[in-house]
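What follows is one structure encoded as structure tokens, with my remarks underneath.
Residue numbers (the working numbering), protein chains in the order written: chain A, 75 to 369; chain B, 31 to 411; chain C, 3 to 274.
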């Protein structure tokens, strides 16, 4: 029995490699290709557009910094930027605090089976009509609406709560709560139970256990919850427009207005890129903080 | 040399980046032979098996099975079923569906599939569980399903990757016996990878010892047990004391070894195959190996020919025998194995001075003393 | 009682916290359902009577029915494409080691973090250049971008529970790559794929920013709601809301039941 001469094997192996590579590419490539074409290219185009100019209301390819100079020199842009950033940060903190007792209840009070059901019910609204829920809040908050009627029944004045930060916060919470609840609950439920037992065994009281064992161990998940609450609130513009009224000119509203009302594409692109930059910086800082090694 | 090997591996090599997993593996296996490949973890034994099955592509080398080159065939065309360490049974299928799977993939008709699968279930004594989900079986039953699933394909060679490691010790020994019996009855070539001495030595016709990607020794269990070729094999197999020294003076056809603990006489032929003594040269360094059961321990000196003064370091009870760990003046460790009642007559406590001695013919020189220096990375149980 | 069940504050406190959150989550949904059956045009606590007139109005409104059809088309196509792409990417990550694997994973998880307004803007600019702006296909292309990461995550989590050796074991027994995939990987992943279809459908069905930017005159249901929202009080929004709540909540709850059941109650999932 002799094996085939050496040269014969090379094509066979090459064919087999080709077959396997094609098969592998069939699975590896589709999603990245789609994302490159419909996600990366549009975002790249947005970057390019920020250097273009508008001539006679027509967007014209160019290489000018005029949009950047114009936008960065606007006082109201910076006012709007810090307002957006501050409001979203405030909402993110408030939403995280609001969600924490509920997450704690799901992680430690509820039985595992109950926890899953509760989590399912908590995440489900995330996927259902956000706009209609905002409209519902409008009905709750408006003058003569549900909340003011209740306040009036107790002898209060019952003014409209629309156009207040509280209204805006409700909008942000409506959007972000499900995500924050999920992230917090998973973080808390994954805290090592033996670590808690060990702390108790060493004489730690429940309060000390919460602050010295549970919270530090759950920190990455809690920070991730905070980050997502911020991202969602920062990008949100429907509640800013319809619950906050004109009171809160946030960046997303600015972006829409620049395009819808003035065809100012390059300026809108610049504002968008500023938003993305600040967003990435915040995300990076949060992640670094969340996974920071102790000591 | 086999004139017409059933399974022939020639110069197989595999590396991942700069890490060499297997370097130049060659082995001829006869039909119906039971081969065990053994070595510490990371020695390349599993990689070798995976190259056989086509799960890894060799960088170099050829594999021929029953006269056909198979190393260029993809996994699914090799017909080299593997019994996985994790068993890898299909969890959402019944026992019968698991066993029928390979036949189905080879286009065997439904009725024939069923007949052959049931045949094997019967043969391995798991017919009663045919319609049960594999998740609801015991370890031993799952093991049998894994075997049936591979054997039903009537392969020319069966590959086994530490198949008994998931079982508890008692069950593993029981399955070991069944495996050997099955292999004898079927006459199928088995290539069995393990890190267990007892499995390799009790099952295999020939054992391949690997270390750091290289083959250290190939031989029958007796060969390897009694005549380890290298320091590595001696230490891996265990129960062998090694003495390093320089060959010295031929006097009346006698050879000696100058060790740091004194001069010892080498036996006739030095334990090497005939004719090889001619290679010995004055002043050359060499390793002398003596099996633990050939070393006598005494309190007084002058009982044996080759005698070295030692300190008794510890005693280790191993059933009917006791291993005495000794240390020579130069700090070398020796092991002597004594019968329980011999120990009772030895009036020595830990720390006492004793003498280790052996007959020159019980010592043998390691063949590859000069090339092999590496220690076993892990001593398997 | 194990230490983790001894709480620093009374159990009632934590449960009350849970109740508050669920109230916030479900009050707007419940209120929309209630008011959709109210006889009054202006929603208030003094409901004068029960009526289905708003349902009649919605179900005979040609514009809304057209929007509904648009929504179903877009969501249906998005669900199919996003789930297929998501499964492919999840399987690739599970099965193969390839150059740039981490980069691909990062790229796939990026879209949900980019504000929809910016995505909408960028996509409108891009689609105008390639001449498909204002078509439903543009909306589908964009929705796949934001929905596929969800599909990938759901499928990947399910695949993580499948021993990688099983597929290779099937090949070792003579199965070609595609049969091994169909007979070993698919049966295991099917529930997750189903969940992915439902979730991506829901994501697309409720998305309004990108649909508003890129859909042009082809309104989907949420875009129609958005336009109505800009006007004055309109009780038909409650009807549309109730209908879409019932649909998406059903889809998502089925999907979650599937995902949770198959994961055997393990807390390893991260939906977002």
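For glycine and all other residues, C-beta sits at the position ideal for the given N, C-alpha and C.
What number of angstroms, rounded off, separates the C-alpha of residue i from the C-alpha of residue j?
{"i": "residue 352 of chain B", "j": "residue 181 of chain B", "result": "43 Å"}
{"i": "residue 230 of chain B", "j": "residue 256 of chain B", "result": "15 Å"}
{"i": "residue 257 of chain C", "j": "residue 66 of chain B", "result": "50 Å"}
{"i": "residue 144 of chain C", "j": "residue 144 of chain A", "result": "30 Å"}
{"i": "residue 261 of chain C", "j": "residue 246 of chain B", "result": "51 Å"}
{"i": "residue 15 of chain C", "j": "residue 180 of chain A", "result": "12 Å"}
{"i": "residue 284 of chain A", "j": "residue 175 of chain A", "result": "12 Å"}
{"i": "residue 108 of chain A", "j": "residue 147 of chain C", "result": "8 Å"}
{"i": "residue 387 of chain B", "j": "residue 117 of chain B", "result": "49 Å"}
{"i": "residue 198 of chain B", "j": "residue 232 of chain B", "result": "18 Å"}
{"i": "residue 238 of chain C", "j": "residue 172 of chain C", "result": "56 Å"}
{"i": "residue 329 of chain B", "j": "residue 363 of chain B", "result": "18 Å"}
{"i": "residue 177 of chain B", "j": "residue 128 of chain B", "result": "11 Å"}
{"i": "residue 219 of chain C", "j": "residue 138 of chain C", "result": "10 Å"}
{"i": "residue 207 of chain B", "j": "residue 46 of chain B", "result": "37 Å"}
{"i": "residue 40 of chain B", "j": "residue 179 of chain B", "result": "29 Å"}
{"i": "residue 9 of chain C", "j": "residue 255 of chain A", "result": "19 Å"}
{"i": "residue 250 of chain A", "j": "residue 357 of chain A", "result": "16 Å"}
{"i": "residue 262 of chain B", "j": "residue 241 of chain B", "result": "8 Å"}
{"i": "residue 305 of chain B", "j": "residue 286 of chain B", "result": "Confidence at residue 305 of chain B is low in this model, with a pLDDT of 48, below 50, so the placement of that residue should be treated as unreliable; the coordinate-derived value is given next. If I take the Cα positions, the gap works out to 17 Å."}
{"i": "residue 238 of chain A", "j": "residue 246 of chain A", "result": "13 Å"}
{"i": "residue 63 of chain C", "j": "residue 70 of chain C", "result": "11 Å"}
{"i": "residue 124 of chain B", "j": "residue 162 of chain B", "result": "5 Å"}
Measuring alpha carbon to alpha carbon, tell me which residue in the options is nearest residue i.
{"i": "residue 93 of chain C", "options": "C:156, C:79, C:247", "result": "C:156"}
{"i": "residue 166 of chain B", "options": "B:121, B:293, B:201, B:195", "result": "B:121"}
{"i": "residue 228 of chain C", "options": "A:298, A:309, A:300, A:316", "result": "A:316"}
{"i": "residue 48 of chain C", "options": "A:204, A:218, A:203", "result": "A:218"}
{"i": "residue 233 of chain C", "options": "A:209, A:163, A:224, A:111", "result": "A:209"}
{"i": "residue 234 of chain B", "options": "B:76, B:253, B:36", "result": "B:253"}
{"i": "residue 391 of chain B", "options": "B:360, B:99, B:335, B:58", "result": "B:335"}
{"i": "residue 224 of chain B", "options": "B:238, B:381, B:144, B:153", "result": "B:238"}
Just the chain A side, please: which residues come within less than 8 Å of residue i by C-beta, in chain order?
{"i": "residue 139 of chain C", "result": "Those do not exist, as residue 139 of chain C stays about 11 Å from chain A at its closest Cβ, beyond 8 Å."}
{"i": "residue 16 of chain C", "result": "175, 176, 178, 179, 182, 183"}
{"i": "residue 39 of chain C", "result": "None at all; the shortest Cβ gap to chain A is about 14 Å."}
Is any non-hydrogen atom of the ligand ADP found closer than 7 Å to the C-beta of residue i, if you look at the structure I gave you?
{"i": "residue 345 of chain B", "result": "Absence of the ligand ADP from the depicted structure is noted, as is the absence of any ligand whatsoever, leaving it without description."}
Is the distance from the Cβ of residue i to the Cβ of residue j below 8 Å?
{"i": "residue 209 of chain B", "j": "residue 318 of chain B", "result": "no"}
{"i": "residue 312 of chain A", "j": "residue 325 of chain A", "result": "no"}
{"i": "residue 253 of chain C", "j": "residue 213 of chain C", "result": "no"}
{"i": "residue 167 of chain A", "j": "residue 246 of chain C", "result": "no"}
{"i": "residue 160 of chain B", "j": "residue 126 of chain B", "result": "yes"}
{"i": "residue 195 of chain C", "j": "residue 169 of chain C", "result": "no"}
{"i": "residue 112 of chain C", "j": "residue 211 of chain C", "result": "no"}
{"i": "residue 164 of chain B", "j": "residue 227 of chain B", "result": "no"}
{"i": "residue 366 of chain B", "j": "residue 356 of chain B", "result": "yes"}
{"i": "residue 85 of chain C", "j": "residue 153 of chain C", "result": "yes"}
{"i": "residue 316 of chain B", "j": "residue 270 of chain B", "result": "no"}
Could you tell me which chain B residues have their CB closer than 7 Å to the CB of residue i, listed as they occur along the chain?
{"i": "residue 186 of chain C", "result": "120"}
{"i": "residue 103 of chain C", "result": "By Cβ distance, chain B contributes nothing, its closest Cβ being about 16 Å from residue 103 of chain C, past 7 Å."}
{"i": "residue 177 of chain C", "result": "106, 135"}
Using a cut-off of 7 Å between C-beta atoms, extract the partners of residue i located in chain C.
{"i": "residue 193 of chain B", "result": "Result: empty, since nearest Cβ-Cβ is about 13 Å, beyond 7 Å."}
{"i": "residue 330 of chain A", "result": "119"}
{"i": "residue 111 of chain B", "result": "174, 175"}
If the cut is a Cβ gap below 9 Å, which residues of chain B does residue i touch?
{"i": "residue 190 of chain C", "result": "121, 122"}
Who are the neighbours of residue i on chain C, taking C-beta pairs under 9 Å?
{"i": "residue 223 of chain A", "result": "46, 47, 48"}
Residues of chain C with CB closer than 8 Å to the CB of residue i, please, in chain order.
{"i": "residue 218 of chain A", "result": "44, 46"}
Residue i touches chain A at which residues, Cβ-Cβ below 9 Å?
{"i": "residue 260 of chain C", "result": "Neighbours of residue 260 of chain C on chain A: none; closest Cβ ~11 Å, over 9 Å."}
Using the beta-carbon of each residue, which ones in chain B are nearer than 8 Å to residue i?
{"i": "residue 172 of chain C", "result": "120, 131, 135"}
Which bits of chain E does residue i rub up against, with CB to CB less than 8 Å?
{"i": "residue 115 of chain C", "result": "The structure shown has no chain E; the protein chains it does contain are A, B and C."}
Using a Cβ-Cβ cut-off of less than 8 Å, give me the residues of the region 155-170 of chain C that come near chain B, in sequence order. Contact annotation: in the region 155-170 of chain C, residues whose CB is within less than 8 Å of a CB in chain B are 165, 167, 168, 170.
Give the residues from the region 43-62 of chain C that approach chain A closer than 7 Å (Cβ to any Cβ), ordered along the chain. The residues in question are 45, 46, 47.
What residues from the region 308-322 of chain A come within 9 Å of chain C, judged by C-beta to C-beta, listed N to C? The residues in question are 308, 309, 310, 311, 312, 315, 316.
Can you give me, in chain order, the residues of the region 245-260 of chain A that have a beta carbon less than 9 Å from any beta carbon in chain C? Residues passing the 9 Å Cβ filter: 247, 248, 251, 252, 253, 255, 256, 257, 259, 260.
Contact set between the region 86-113 of chain A and chain C, restricted to residues whose Cβ is under 7 Å from the partner: Hits within the stretch, in order: 97, 98, 101, 102, 104, 105, 106, 108, 109, 112, 113.
Identify each residue in the region 35-53 of chain B for which the Cβ-Cβ distance to at least one residue of chain C is less than 8 Å, and report them in chain order. Identification of residues in the region 35-53 of chain B having a C-beta nearer than 8 Å to some C-beta of chain C yields an empty set.
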